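Remarks on the structure that follows.
Pasting the structure below:
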C-alpha cells in the first residue's frame, strides 16, 4: 500500500508522447495526441464514455495495434518498433477482455495453458501451473469444464488466470466487468485488486464504471481521444 | 514359373505396333511433288509384287446393324506386269470351307474367272458376274483384278492431309484399251510410304461407286508398308466390308497348275505351297 | 496439452468437414494405390519371373513386319551350344486372325521345352506329345473364341482339337493359343522354321558374358538380334506408357486432393480468424500459428493417406477377385507403395496448408479479435 502511494517514484513502465491513431485513412480519429506515463506497480483506471479512445489506447499498450503517430515506449523500448511483439505479449503483459475471448473447444485448464506454449515450461509443468492459477482464482473445481459450461464471472476468472500464465508484470484489462452482473463484477474487481496487491503487477484497467475507478490508485479520464484529467487517488478498500 | 518370354515377346510386339501406329505417320518428308505418271507407275509396280500367300479376314457388316459375316480367307496371288492370277479360298467357317474363286487376266484381254461353290460346283464367271461382290461382300471380282494405276490417264489434282499424313491426290482415268465400270478413280497417296490411304471410284453417272479406306498400315514380310486393313463402302448400299490382313508371305513358289479351275476343287493348305 | 492436442482439436471440432476432406484425399490416394499398384505389379511380376530364371536372352529377326521373320530351326542347335547357354527352346509364334476373333497370339513351342512347364491345366489336359494334332487355349483365349475342351479351332486351313484350357499365370499367356511347334509349323506351312529362340543362361552369368554371347549369336545369325530380356523390361515403351499413365491419372487425383485440403484449411483459417487473433494476443508467435495450421493439414493428409491406402487395398482386392479380371492383374501393394502413398498424402496436406498458414499468420490480432 505504501508502495502504491510512492508509485510516482517507481520505474517508468509505459510512456506515451503525442500518441495519435486514425482509422479509415483519417476519417475516424481515435486518439488525438495522448501523453501518458504509467509506473511500476500502479493501478491505473482509464475512464471515459464509449468512443473516447480508451480501448484503442489499451490495445496499443498491448501491441495489438500500432499508433499512427507519436511515441509509445515500454520500459524505454518502442512498442511499435518491436521486431516481434509476441515476446512482449507473451511474457510482459497479460490481457483480460470484456468478452473473455476463451477458446471454446478447449477446457478451462487447457485455455490457461495456451500462452505457456511460448514459455520454457514442460508439458507437466504447464498443467501444474494452470491448475495452481485456477485454484488461486477459485476455479479448482472447474478444471475440465468447457467455457460454455461456466457462468460469465467464472469465465472471466479463467481469462484472468490465463492472463497471468507467464507471470507478466503488467495486466491490461479492457472492461473486464462489462459483460457481468453486478455481483460477479464485484468479485472480479476484488480478484484484480488482490492480484495487484499480492503479485505487485501493474494494472491498467479500462472502464466506464466509476465505482471501479474509485478503487484504482490513479484515474485517467479521456474524452474525444485526449486525456482530460489524470489524478492519484487513495483506494478506500485498501484498509479493510 | 516362366512367363517371362511371352511377356517379353508381347513387348516386342507392342513396340512394333507403336512403331507403325504412332510414329510412322509422323515421319514425313517434304519431297518434291512427284510426277503423276511416275507416281502411278511406282504404285502399279508395287502391286505387281510377284507371288504371295496372304491370310485375310473378310467381314461384312450390315449398315443397319445385325450379325456380321466373317470369313477367314487364304489368298494366293501371282501378279506380274504381263499377267495376274488370283485365288481366294474360304478357310473358315467350317460350313463354307472350300468355297473359292479364281481370277485371271493377261495383257489387255478381258479378265476370266471361275467360282467353286459347295458341295461341288465349278462355274465360269461371266463378264456381268465380274461386277458382283466376292462372297457376298461389297468388293467385286473386278475390283480385285483392276489396276487403275496402269490406266492411260494419270493426273495429280491436289493435296490433302489424311490422318495427319500429307497425301497427293492422284486421279486415274481409263483410256485406250483400259476396261472398267469406273470412269474415274481418285487415290489419296502417301508418297512417303507409297501407299494409298483412301481410294474413291466413280461410276459413269459421276456418282461415287466405291470408297476404299485404309484403316491400318503395317509392314509385310518383305518389310514394305502395306495397307493391312481396308474398309470398303458403297454409298447407298446396306453393308460395309472390312478386310483385315494378318499374314503375308512373298516369293512363294507356285506352279501354273496352282491357278487352274481344277485347283479350286481342293483346298490346298498353305503347307504345300510354301517351299 | 501439447501443440498436437490443439491440432487434433482443430480437426475434431468440424467432424463433417474433416470427414469429407478425408474422403476426398483418401479417394485420391486410393487411386494412386490402385493405378500405380497395378503398373508396378505388372512390372514386378515380370522382374520376378526373370529373377527366377536368371538372365534370359531372346533371339529373333526383327526386320520383318509385326512378327519377326521365320528362320531355320537348325540355328537353335548352334546357338544352344554357345558358352553360358544352359537351355534353349524354339518358338514359332504368329499373330493370326483366328476364326471370327481379332488377331491373337498363336504360339508353337518346341515340345518338352522349358516354356511348357509354366502352364497349369485348368480343364482337360496337355497334348500327349509333340506330334499330336492338339492345342491348348489360354483362359482368355478360350473366352474370346467361345471354345471348350472338345471343340476345334481352325488355324489357317487346319482344324485342331482343343484338348485343354490352361492358366499361364500371365495375361499374355492366357490370351494365347498354344500348341506344339511341329503342329504349328504344319498348320502355317512353316516346316522347319521358327522365329524365336529362347535361351536360359547358366546362373551367375555376368553382363560382360551376356554381351559376349550376344556377339557370338550375331556371328552365327547375322540378320538376327539377341536381346537381353531384363534390359528391355525397364526401358520398354509399354512399361513407360503404363507407368506414365498411372502416374498422370494419379497426379490428377492428387491435385483434386490438394484443392480439397486447401479449401478445408482456408475455411478453417477464415472461421478461426477470431481464435487466431486470441492466440496472437496471448503472445503466440506467428511461426507457431503457421506450424499449427501446417500440422493440421499434414495430419489431415496423413489420415487421408491411411484411409486411402486402406480403400485402395480393398479396391485392389475386389478387383483381383472379380471373375472378369482374376488372373489378369497381379497388383503390387508392398510397403514401399504404401509408404510412398502416405508420404504423398502428407506432402499434399502440407503443400495445401501453406497458403492458408501464410494467410493466418498475416492476421492483425486486434482486427481478428474484433472481427
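Chains as they are written, first to last, in our numbering: chain A, 4 to 243; chain B, -10 to 264; chain C, 5 to 375.
Backbone N, C-alpha and C fix where the C-beta goes; we use that ideal spot for every residue, glycine too.
It should be emphasised that the depicted structure is a prediction, and the values quoted were computed from it without experimental measurement.
| Check | Outcome |
| --- | --- |
| Which bits of chain B does residue 104 of chain C rub up against, with CB to CB less than 7 Å? | 59 |
| Tell me, to the nearest whole angstrom, how far the beta carbon of residue 180 of chain A is from that of residue 192 of chain A; I am working on the premise that it is less than 8 Å. | 6 Å |
| Keeping to the same chain, check which residues put their C-beta closer than 6 Å to that of residue 309 of chain B; ignore five residues upstream and five downstream. | Nothing about residue 309 of chain B can be reported from this structure: the residues present for chain B run from -10 to 264 only. |
| Beta-carbon within less than 6 Å of residue 93 of chain B's beta-carbon, same chain only, minus the 5 sequence neighbours each way: which residues are those? | 74, 101 |
| Listing by chain order, which chain B residues have their CB less than 9 Å from the CB of residue 152 of chain C? | Within chain B, no residue comes near residue 152 of chain C; the closest Cβ sits about 16 Å away, beyond 9 Å. |
| Given this structure, state the Cα-to-Cα distance separating residue 232 of chain C from residue 214 of chain B, to the nearest angstrom. | 28 Å |
| Output, in chain order, the set of chain C residues within a Cβ distance shorter than 8 Å of residue 89 of chain A. | 284, 287, 288, 289, 290 |
| Answer with buried or exposed for residue 335 of chain C, where buried requires no fewer than 16 other C-beta atoms within 10 angstroms of its C-beta. | buried |
| Here's the rule: buried if 16 or more other CB atoms are within 10 angstroms of the residue's CB, otherwise exposed. What is residue 60 of chain C? | buried |
| Hey, how far is the Cα of residue 223 of chain A from the Cα of residue 16 of chain A? | 16 Å |
| How long is the line joining the alpha carbons of residue 284 of chain A and residue 35 of chain C, rounded to whole angstroms? | What the structure shows of chain A is the stretch from 4 to 243, and residue 284 of chain A is not part of that stretch, so it cannot be assessed. |
| Taking residue 309 of chain C as the reference, which of C/161, C/37, C/81 has the closest Cα? | C/37 |
| If you count every other CB in all the chains shown that lies within 10 Å of the CB of residue 120 of chain B, and 16 or more means buried, which is it? | exposed |
| Comparing C-alpha positions only, which one of C/46, C/86, C/356, C/18 sits nearest to residue 224 of chain C? | C/86 |
| Enumerate in chain order the residues of its own chain whose CB-to-CB distance from residue 36 of chain A is below 6 Å, with the five nearest sequence positions on each side excluded. | 21, 23 |
| Between C/73, C/101, C/304, C/194, which lies nearest to residue 148 of chain C when the distance is taken from Cα to Cα? | C/101 |
| Verify the CB distance criterion: does residue 253 of chain B have a CB-CB separation below 9 Å to chain C? | no |
| Identify whether residue 157 of chain A lies in helix, strand or coil by the three-state DSSP scheme. | helix |
| My understanding is that residue 213 of chain C touches residue 96 of chain C, with C-beta atoms under 8 Å, so please give their C-beta distance in whole angstroms. | That pair is no contact at about 28 Å. |
| Taking CB distances under 9 Å as the criterion, tell me whether residue 253 of chain C reaches chain A. | no |
| Considering only C-alpha positions, which residue in the set B/33, B/47, B/65 is nearest to residue 244 of chain B? | B/65 |
| Measuring only between beta-carbons, confirm whether residue 10 of chain C sits less than 9 Å from chain A. | yes |
| Counting C-beta neighbours from all protein chains within 10 Å, is the total for residue 227 of chain C 16 or more, i.e. buried, or is it exposed? | exposed |
| Quick one: using the 10 Å Cβ neighbour count with 16 as the cut-off for buried, is residue 261 of chain C buried or exposed? | buried |
| For residue 23 of chain C, count the other beta carbons within 10 Å of its own beta carbon; 16 or more makes it buried, fewer makes it exposed. Which is it? | exposed |
| Using a Cβ cut-off of 7 Å, which residues of the segment 233 to 246 of chain B contact any Cβ in chain C, in chain order? | 233, 235, 236 |
| Any beta carbon of chain C sitting closer than 9 Å to that of residue 210 of chain B? | yes |
| Compute the Euclidean distance between the alpha carbons of residue 173 of chain B and residue 191 of chain B, then round it to the nearest angstrom. | 5 Å |
| Return yes when the Cβ of residue 372 of chain C is within less than 9 Å of the Cβ of residue 268 of chain C, no when it is not. | no |
| Are the beta-carbon atoms of residue 266 of chain C and residue 207 of chain C separated by less than 9 Å? | no |
| When you compare the segment 177 to 187 of chain B with the segment 152 to 163 of chain B, are there three or more beta-carbon pairs, one atom per stretch, that lie closer than 8 Å? | yes |
| Report all residues from its chain with a CB closer than 8 Å to the CB of residue 7 of chain C; omit the five preceding and five following residues, and keep chain order. | 292, 295, 296, 299 |
| Among all the DSSP beta bridges, which residues are the ones paired with residue 101 of chain A? | Beta-bridge pairing links residue 101 of chain A to no other residue. |
| What does the Cβ neighbour count give for residue 113 of chain A, buried or exposed, with the cut at 16 atoms within 10 Å? | buried |
| What residues from chain C crowd round residue 26 of chain A, counting only those whose CB sits closer than 7 Å? | What residue 26 of chain A touches in chain C: nothing, since even the nearest Cβ is about 11 Å away. |
| For a quick check, are the C-beta atoms of residue 159 of chain C and residue 139 of chain C less than 9 Å apart? | yes |
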